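Residue numbers (my numbering), protein chains in the order written: chain V, 1 to 310; chain G, 311 to 784.
We put the CB at the ideal spot given by N, CA and C, even for glycine.
In this text, all values refer to a predicted model and were calculated from it rather than measured experimentally.
Just below is one structure, and these are the notes that go with it.
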Amino acid sequence: MGLKVSNVNKSYSNIPIIRNLSMDVQQGSIFGFLGPNGAGKTTTMRMILDITRPDNGTITWNGRSVRAVPRRYWGYLPEERGLYPKMTVEDQLLFLARMYGLPRKQIQTELDEWLERFQITSYRKKVVSTLSKGNQQKIQFIATILHNPDILIMDEPFSGLDPVNMLMLKDAFLEMHRRHKTIIFSTHQMHQVEELCENIVIMNKGQIVIQGNVKDIKRQSGRQLVRLTVADDTQTDWLDAMPGISDVHRRQDYIELRIQTHVNPDDILQAALNKGGHVTRFELVEPSLNDIFVAQVSDIAMPDTPVPVS
Amino acid sequence: MSPTNITEIAEPTMPDSENTESMEATTQYSNWPLIIEREYITRVQQRSFKIITLILTLIVVIGATFPTILSALNSRSQTQIAIINTAGTISNLDDQALLKYVDTHLNASYNTTASTSDRKTPPFAVKLLTAGDSAASQQQVRDKKIAIVLTIARTATKDLTFDFYTNESLAQNNNLAQVQALTTQLNIQDKLAGLGLSQTQTGSVLTPPQFTAKSSINEQSGRTNEENAAAAIIALLAIVLLLMFIQQYSTMIATGVAEEKGSRIMEILVNATTPFQLLLGKIVGVGLVGITQLGIVTLIGGAAVLAQNPLKNALLGSHNSSFNLDITSVSLGMLGLLVLYFVLGFLLYAALYAAAGALVSRQEEVANSTGPLTFLVMAGYLISFYASLNPSADWVIPVSYIPFFTPMMMLAREGVTPLPWWEITISTVVMIVAIFVCTWGAARIYRIGILMYGQKPGFSAFFQYMRSRPKGAA
């Protein structure tokens with residue numbers, strides 16, 4: 001159960017924007033939605049929200065078409081922040097939550113809590129355009145979750161925040177996860193994805209190029225990094241002769257090299273010891289999501305031909 | 311915090327089905343009343359709304375009161391005329407009799423209606439000077455002590471000559487015309503007396519015949535001449551008001567849509583509701599603001615019109631007004647039509663302006679995309695203005711049924727002849743049909759336009775959006 005997108009296509013003026021997209025998002029999970037600019041992330045999000053409709057294919061939430069899902073199940077934080085610049089914080093948030101059919105009284109107590117949490121209670125009667133960018137973003141976040149939606153779709157929720165506000169928003173983000181909300185968010189900051197998400201998709205040119213569990217993706221990427229320092233053998237020429245090893249970079253205080261999955265890292269350690277070296281550092285590093293992203297996206301950045309997804 | 315930690319904290323649980331169903335029941339509803347509420351309250355609270363309402367109200371009140379003030383000022387003013395007679399006895403009138411004659415004739419209209427006149431004093435004050443005062447009196451004219459010196463002399467052939475000396479302009483000079491008419495009579499009377507006719511006989515010769523003038527327009531409209539003139543002026547005022555209101559509030563719709571689009575709140579709004587509800591809510595909300603302003607202005611303006619008679623009585627004493635021109639019925643009829651055609655005209659243009667606003671990405675570009683519509687509104691104004699100058703032209707009636715021009719054209723026609731009820735009904739029906747067609751087309755453009763950014767506004771985008779697949783089609 002959860003969100004299921006099956007074989008969705010969408011084109012504008014005969015230009016395909018989304019091609020045969022399928023993905024699953026488990027209920028209650030945090031799902032990372034990655035891809036370069038123009039990959040079709042926003043269009044996909046809009047189709048999930050039933051703001052625009054796919055040309056063909058289906059999108060369901062718990063087995064029900066998203067068209068039939070009541071609007072108040074959805075919370076949307078658009079990429080470009082949107083608020084009425086001349087309305088006060090309180091009026092604005094009350095209006096938006098009431099749009100989803102919530103009674104005013106019920107919103108009021110929720111609103112108090114969130115303003116308190118973000119330490120912006122004093123801005124309650126202030127006009128939004130007079131607030132700082134960080135505070136506007138907090139308001140935007142409250143606007144997304146105030147009507148207590150089940151599914152949160154957030155287009156780059158953490159962009160352009162200072163570290164303090166970032167922490168505060170991330171904390172609120174995790175609070176929504178604790179409340180069993182399903183969260184789909186896009187970002188360009190890979191470390192956030194590694195920190196927050198179990199599952200991701202990476203899109204490029206309207207197609208999914210990778211999807212699945214973050215750990216599996218890293219494991220399946222077919223690459224592993226070894227960092228090695230041998231105290232009395234800085235050259236380690238023997239490494240170049242070993243099979244299944246590539247991209248040997250000799251850095252200032254360590255050597256970094258890639259090994260294929262079939263190579264046992266122990267063999268390298270063994271070889272180093274056999275050469276009589278004194279190994280002061282031996283580290284097995286998973287490739288970062290950043291590496292995978294860049295590799296996948298630049299692989300097919302040029303041609304329009306699809307690349308089979310593992 | 312690692313992903314594993316998060317999953318440990320949050321073991322996702324399905325919301326229980328009972329709760330889910332009950333939530334559904336409350337979420338399937340229309341939220342355009344809420345949108346109307348927001349549009350109305352935020353706009354009415356704006357300072358610009360209050361200021362414009364105040365200014366318009368002041369203009370209407372001053373406009374209604376101005377003629378009263380003017381006539382009150384007039385009522386105390388008198389034109390001073392000095393007569394220097396060197397012609398001796400004119401038509402058996404000696405100097406004193408001549409003075410009385412001139413006084414009576416120049417103030418004739420005041421004398422016959424003295425009991426009901428606006429004026430507190432006769433319009434002319436006549437005095438007699440001797441020939442020796444001639445130079446001094448002309449200096450008095452130049453000094454504006456007196457307005458006119460009329461010097462009467464007789465030539466060798468016994469003909470009368472009149473010298474009219476004034477400090478007023480001779481163009482469009484009412485006093486000149488009146489005095490000249492009087493001198494013509496004096497001359498005839500003098501000549502007739504020379505022929506030996508008695509004063510009674512000359513009096514009978516000079517009495518004007520009974521002359522009645524009637525116009526079929528008055529019969530049709532059931533209005534008097536004065537009422538017709540007043541109706542034409544009121545119609546022009548109403549057309550200008552209508553132009554201002556349609557223009558102002560339609561543009562408000564376009565900028566409102568562009569503002570929502572530019573600030574990107576549109577994306578949140580369409581997540582919460584449908585584009586059609588947004589469109590409808592905005593049109594009705596802004597329309598109600600317009601009705602509120604129009605209502606305030608016309609109610610206070612109407613009160614000001616009704617207050618004029620008591621005000622006149624207060625200023626002019628216990629006189630009953632001779633200006634018993636009753637513009638109340640004309641005004642009220644026009645007021646009703648103004649409100650009706652504002653609502654219809656606004657609804658017709660509003661959806662189109664909303665679509666124009668949805669075609670641009672930023673608020674600053676609104677003027678470009680609403681240009682053709684503004685042109686249409688202005689064309690309607692100019693055509694109806696022209697129609698009120700040529701009310702009997704053949705094209706007037708057909709053109710008044712073109713929906714984009716109907717509101718102002720109908721007001722222009724009402725200014726000439728009261729419209730029969732069936733014409734109002736038919737034009738209303740035609741306009742309602744046009745409103746549905748325009749709103750349907752505009753809604754299609756709006757629905758697509760609000761989520762598009764960066765496109766050049768223009769007719770191509772217009773038609774492309776018209777053709778595109780609506781949300782809801784499979």
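Out of the options, which one is the CA nearest neighbour of residue i?
i: ILE346 (chain G); options: G:LEU657, G:ILE742, G:ILE593, G:ALA677; result: G:ILE593
i: GLY600 (chain G); options: G:TYR411, G:ASN341, G:PHE695, G:ILE351; result: G:ILE351
i: PRO713 (chain G); options: G:MET741, G:ALA697, G:VAL726; result: G:MET741
i: ILE462 (chain G); options: G:GLY572, G:GLN618, G:ALA703, G:PHE474; result: G:PHE474
i: LEU460 (chain G); options: G:LYS468, G:ASN477, G:THR467, G:ALA466; result: G:ASN477
i: ARG19 (chain V); options: V:LYS10, V:GLN27, V:VAL25; result: V:LYS10
i: THR522 (chain G); options: G:TRP342, G:ASN535, G:GLY513; result: G:ASN535
i: THR159 (chain V); options: V:PHE33, V:ALA97, V:SER186, V:ASN264; result: Checking the sequence, you will find Ser at residue 159 (chain V) rather than Thr. With distances taken between Cα atoms, SER159 (chain V) lies closest to V:SER186.
i: PRO54 (chain V); options: V:ASP247, V:ASN7, V:ASN199; result: V:ASN7
i: LEU409 (chain G); options: G:THR684, G:LEU657, G:ALA435; result: G:ALA435
i: GLN106 (chain V); options: V:LYS126, V:ARG81, V:HIS147; result: V:HIS147
i: THR58 (chain V); options: V:TRP238, V:SER22, V:HIS180, V:VAL297; result: V:SER22
i: LEU3 (chain V); options: V:TYR12, V:PRO36, V:THR44; result: V:THR44
i: ILE15 (chain V); options: V:LYS170, V:ILE217, V:GLY40; result: V:GLY40
i: ARG251 (chain V); options: V:ILE139, V:VAL263, V:THR236; result: V:THR236
i: TRP342 (chain G); options: G:GLY591, G:LEU366, G:TYR559; result: G:GLY591
i: LEU225 (chain V); options: V:ASN204, V:PRO265, V:THR182, V:GLN189; result: V:PRO265
Output, in chain order, the set of chain G residues within a Cβ distance shorter than 9 Å of residue i.
i: TRP114 (chain V); result: Within chain G, no residue comes near TRP114 (chain V); the closest Cβ sits about 16 Å away, beyond 9 Å.
i: ASP44 (chain V); result: Note that residue 44 (chain V) is Thr in the sequence shown, not Asp. Per Cβ cutoff of 9 Å: no residues; THR44 (chain V) is ~14 Å from chain G at best.
i: MET87 (chain V); result: ARG348, THR352
i: TYR84 (chain V); result: ARG348, THR352, GLU569, GLU570, SER573, ILE575
Output, in chain order, the set of chain G residues within a Cβ distance shorter than 8 Å of residue i.
i: GLU80 (chain V); result: ARG574, GLU577
i: PHE95 (chain V); result: LEU344, ARG348
i: ALA143 (chain V); result: ILE578
i: TYR76 (chain V); result: GLU577, ILE578, ASN581
i: LEU49 (chain V); result: ASN581
Who are the neighbours of residue i on chain G, taking C-beta pairs under 7 Å?
i: ALA172 (chain V); result: The contacting residues do not exist; ALA172 (chain V) stays about 14 Å from chain G at best.
i: LEU152 (chain V); result: Per Cβ cutoff of 7 Å: no residues; LEU152 (chain V) is ~11 Å from chain G at best.
Cβ atoms of residue j and residue i: under 8 Å apart, would you say?
i: ILE575 (chain G); j: LEU102 (chain V); result: no
i: TYR100 (chain V); j: ALA582 (chain G); result: yes
i: GLY312 (chain V); j: LEU93 (chain V); result: Since the first residue of chain V shown is 1 and the last is 310, residue 312 (chain V) is not available in this structure.
i: GLN673 (chain G); j: THR565 (chain G); result: yes
i: GLY655 (chain G); j: ILE556 (chain G); result: yes
i: GLY690 (chain G); j: GLU349 (chain G); result: no
i: ALA272 (chain V); j: VAL230 (chain V); result: yes
i: MET87 (chain V); j: VAL128 (chain V); result: yes
i: ILE255 (chain V); j: VAL248 (chain V); result: yes
i: GLU156 (chain V); j: ILE30 (chain V); result: no
i: LYS126 (chain V); j: LEU169 (chain V); result: no
i: VAL412 (chain G); j: ILE393 (chain G); result: yes
i: SER77 (chain V); j: PHE141 (chain V); result: The question names Ser, yet the displayed sequence has Leu at residue 77 (chain V). Yes. Within cutoff.
i: PHE695 (chain G); j: ILE549 (chain G); result: yes
i: ALA457 (chain G); j: GLN390 (chain G); result: yes
i: PRO432 (chain G); j: LEU552 (chain G); result: no
Assuming residue i contacts residue j under a Cβ cut-off of 8 Å, what Cβ separation, rounded to an integer in Å, is found between them?
i: PHE95 (chain V); j: ILE202 (chain V); result: Not really, about 37 Å apart at Cβ, beyond 8 Å.
i: GLU79 (chain V); j: THR42 (chain V); result: 6 Å
i: ALA786 (chain G); j: THR680 (chain G); result: Summary: the structure shown does not reach residue 786 (chain G), with chain G confined to residues 311 through 784, and so no result is reported for it.
Whose Cβ in chain V lies nearer than 8 Å to the Cβ of residue i?
i: THR561 (chain G); result: By Cβ distance, chain V contributes nothing, its closest Cβ being about 17 Å from THR561 (chain G), past 8 Å.
i: PRO583 (chain G); result: Before going further, note that residue 583 (chain G) is Thr rather than Pro in the sequence given. Under the 8 Å cutoff, chain V gives ARG71, MET99.
i: LEU669 (chain G); result: Under the 8 Å cutoff, chain V gives no residues; its nearest Cβ is about 16 Å from LEU669 (chain G).
Output, in chain order, the set of chain V residues within a Cβ distance shorter than 7 Å of residue i.
i: ASN484 (chain G); result: Chain V residues near ASN484 (chain G): none, gap ~56 Å exceeds 7 Å.
i: ASN678 (chain G); result: Those do not exist, as ASN678 (chain G) stays about 22 Å from chain V at its closest Cβ, beyond 7 Å.
Practice task
Assess, as a yes-or-no matter, whether the stretch 111-119 of chain V is touched by the stretch 602-609 of chain G under the definition of 3 or more beta carbon pairs within less than 8 Å.
Solution key: The stretch 602-609 of chain G, when compared against the stretch 111-119 of chain V, does not touch it at the 8 Å Cβ threshold.
Handout entry: Validate contact between the stretch 734-754 of chain G and the stretch 660-671 of chain G using beta carbons, cut 8 Å, 3 pairs
Key = The stretch 660-671 of chain G and the stretch 734-754 of chain G touch, with three or more beta-carbon pairs separated by less than 8 Å.
Practice task
Assess, as a yes-or-no matter, whether the stretch 58-78 of chain V is touched by the stretch 213-221 of chain V under the definition of 3 or more beta carbon pairs within less than 8 Å.
Solution key: No: the two stretches stay apart, fewer than three of their Cβ pairs being nearer than 8 Å.
Practice task
Tell me, please, whether the stretch 41-51 of chain V touches the stretch 139-158 of chain V by the rule of three or more beta-carbon pairs shorter than 8 Å.
Solution key: Yes: the two stretches touch, three or more of their Cβ pairs being nearer than 8 Å.
Handout entry: the stretch 429-448 of chain G touching the stretch 367-380 of chain G, judged by at least three CB pairs closer than 8 Å
Key = Counting Cβ pairs under 8 Å, fewer than three are found: no touch.
Exercise for the section: Answer yes if the stretch 270-290 of chain V comes into contact with the stretch 182-200 of chain V, meaning at least three C-beta pairs across the two stretches below 8 Å, and no otherwise. Expected result: The stretch 182-200 of chain V, when compared against the stretch 270-290 of chain V, does touch it at the 8 Å Cβ threshold.
Exercise for the section: Spell out a yes or no on whether the stretch 721-728 of chain G and the stretch 534-545 of chain G are touching, meaning 3 or more CB-CB pairs, one atom from each, closer than 8 Å. Expected result: The stretch 721-728 of chain G is in contact with the stretch 534-545 of chain G.
Problem - Contact the stretch 495-515 of chain G vs the stretch 397-407 of chain G: 3+ CB pairs below 8 Å - result: With a cut-off of 8 Å on Cβ pairs, the stretch 495-515 of chain G is in contact with the stretch 397-407 of chain G, counting three or more such pairs.
Exercise for the section: Would you check if the stretch 204-211 of chain V and the stretch 267-286 of chain V touch, i.e. whether three or more CB-CB distances between them fall below 8 Å? Expected result: The stretch 267-286 of chain V is not in contact with the stretch 204-211 of chain V.
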